[in-house]
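Report on the following structure.
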Amino acid sequence: MKNFKLNNGAGIPVVGSGANTYGKEGNQYSGALRGDTQEIDWAIENGYRHFDTAQAYNNEEVLGKGLKKSSLPREDFFITTKLNTFKGFSGADWAHAEIKKSLEKLQTDYIDLFLIHSPWDNQDEILEAWNILEDYYNRGVFRSIGVSNFEKEHLDLILENGKIKPAVNQIESHIGKWNEELIDYNKGNEIATVAWSPLSGIDENAKKVLDEIGDQYGKTYAQVVLRYQIERDVIVIPKSHNKERQAQSLDIFDFELTANDRERIAAL
Ligand SMILES: NC(=O)c1ccc[n+]([C@@H]2O[C@H](COP(=O)([O-])OP(=O)(O)OC[C@H]3O[C@@H](n4cnc5c(N)ncnc54)[C@H](OP(=O)(O)O)[C@@H]3O)[C@@H](O)[C@H]2O)c1
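Residues are numbered in our numbering as their position in the sequence shown, beginning at 1, plus a constant of 85.
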C-alpha cells in the first residue's frame with residue numbers, strides 16, 4: 086500500500102476503507118448494530134489497513150472489535166475517528182468524555198488521525214476544540230489531528246490561531262462535486278485532502294466514460310475514479326458491503342492514467 090506523507094511526517098495509506106454503515110442492520114446509516122464485524126473482517130482480509138469511522142456513526146466498537154479479532158498488531162492499522170460536532174460543542178468536559186469513549190470503543194490507547202467532524206457557528210468554540218485536539222496530539226494520544234468539512238474561512242481560523250496545523254481536511258469530493266478550489270487551498274497550506282463519498286455521483290454518462298477509460302487497463306469505472314484521485318494526492322476512503330468490490334477498490338496500483346484520461350475525468 087502506498088503511503089502519503091502528512092505535514093507532520095506521519096504516513097497515511099492512500100486508500101482506506103470508509104465504515105459509516107459497517108456492522109449495521111440493512112447497511113443503513115441509522116441502522117442498529119448487528120453485533121458482527123463482517124465488513125471489517127473482509128476489508129482486513131482484502132488488505133485494508135486504514136479505516137475511517139466517527140463518533141457520529143455509532144459504530145466505533147464494530148471497528149475496535151474487528152481489529153482486535155484480526156490478531157494483527159495495533160501498529161499495522163491506521164484509524165481515523167472524529168469528534169461529533171454536528172450539534173456544536175458542549176464544552177471541554179464533554180469533549181474529554183467523548184474522546185475517552187472513542188478510545189474505549191476502538192480498544193486502543195492512541196488514534197492515528199482525530200478530526201473535528203464538521204465546523205459550527207462559533208469561532209471561539211472551534212478554537213477551544215482545536216486546542217483540546219492539540220493537547221492530545223502533544224501527549225501522543227492522537228498521532229495526527231485534522232478537520233472535516235472545513236471551508237477556507239474555517240481553515241484560516243485554525244491556521245491563524247492554532248499552534249498546530251491540521252494534517253488533513255476530509256471533504257466531499259467525487260464526480261459532480263470535485264471541490265477543486267478547496268483541494269487546491271488545502272494543498273497550498275500543506276493540508277492533505279481525504280475525499281469522502283469518492284464513488285458518489287456516477288451517473289450513466291459518467292459510467293460510460295469511465296468504463297471506456299478503464300477498458301484500456303482492464304479496470305472498472307470505480308477503480309478509474311479512485312485512481313484519478315490518488316494520482317493527484319487525494320486520499321480516498323471508499324466503502325462497500327461486498328467483499329469483491331472492496332477488493333477492487335484497493336486494486337488500483339498497477340495502472341496509470343494518461344493526461345487525456347485525466348482531462349476526460351476532470352470534465353465529468
Ligand atoms: N466526513 C464526513 O462528513 C463524511 C461524510 C460521508 C462519508 N464519510 C466517509 O466516507 C466513506 C465513504 O463514503 P460513502 O460511504 O458515502 O460512499 P462511497 O465510498 O462513495 O460508496 C458509495 C457506494 O459505492 C459502492 N461501491 C463501493 N466500492 C465499489 C466498487 N469497487 N465498484 C462499484 N461500486 C462500489 C458501494 O455499494 P456496495 O456496498 O453495494 O458495494 C457504496 O454504497 C464513509 O463510509 C465515511 O467513512 C465522511
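Ideal Cβ placement from N, Cα and C applies to all residues, glycine included.
Proximity test, residue i beta-carbon vs ligand 1 heavy atom, cut-off 7 Å
i    : result
S187 : no
R312 : no
I268 : no
W281 : yes
D197 : no
Q255 : yes
H135 : no
R119 : no
Simplified DSSP assignment, three categories, for residue i
i    : result
L191 : coil
Q255 : strand
K109 : strand
H202 : coil
N88  : strand
W263 : coil
D197 : coil
P152 : Just to set this straight, residue 152 is Leu in the shown sequence, not Pro. If DSSP states are grouped into helix, strand and coil, L152 belongs with the helices.
Distance between residue j and residue i (C-alpha atoms, nearest Å)
i    : j    : result
D269 : R119 : 40 Å
Y133 : I298 : 25 Å
L342 : K185 : 43 Å
I230 : E145 : 18 Å
S43  : I320 : Outside the shown range of the chain (86 to 353) lies residue 43, about which nothing can therefore be said.
I249 : V100 : 25 Å
beta-carbon residue i near ligand 3 non-hydrogen atom, thresh 7 Å
i    : result
L284 : What this structure holds is ligand 1, not ligand 3.
Buried versus exposed, by CB contacts within 10 Å (16 or more), residue i
i    : result
K262 : exposed
G303 : exposed
H135 : buried
D346 : buried
N93  : exposed
V157 : The amino acid at residue 157 is misidentified as Val; the sequence shows Leu. Flag for L157 reads exposed.
W179 : exposed
Does the stretch 164-171 come close enough to the stretch 203-216 that 3 or more CB-CB pairs lie under 8 Å? Yes, they touch.
Count the C-beta pairs between the stretch 231-250 and the stretch 269-288 that are closer than 8 Å, then say yes if the count reaches three, no if not. yes
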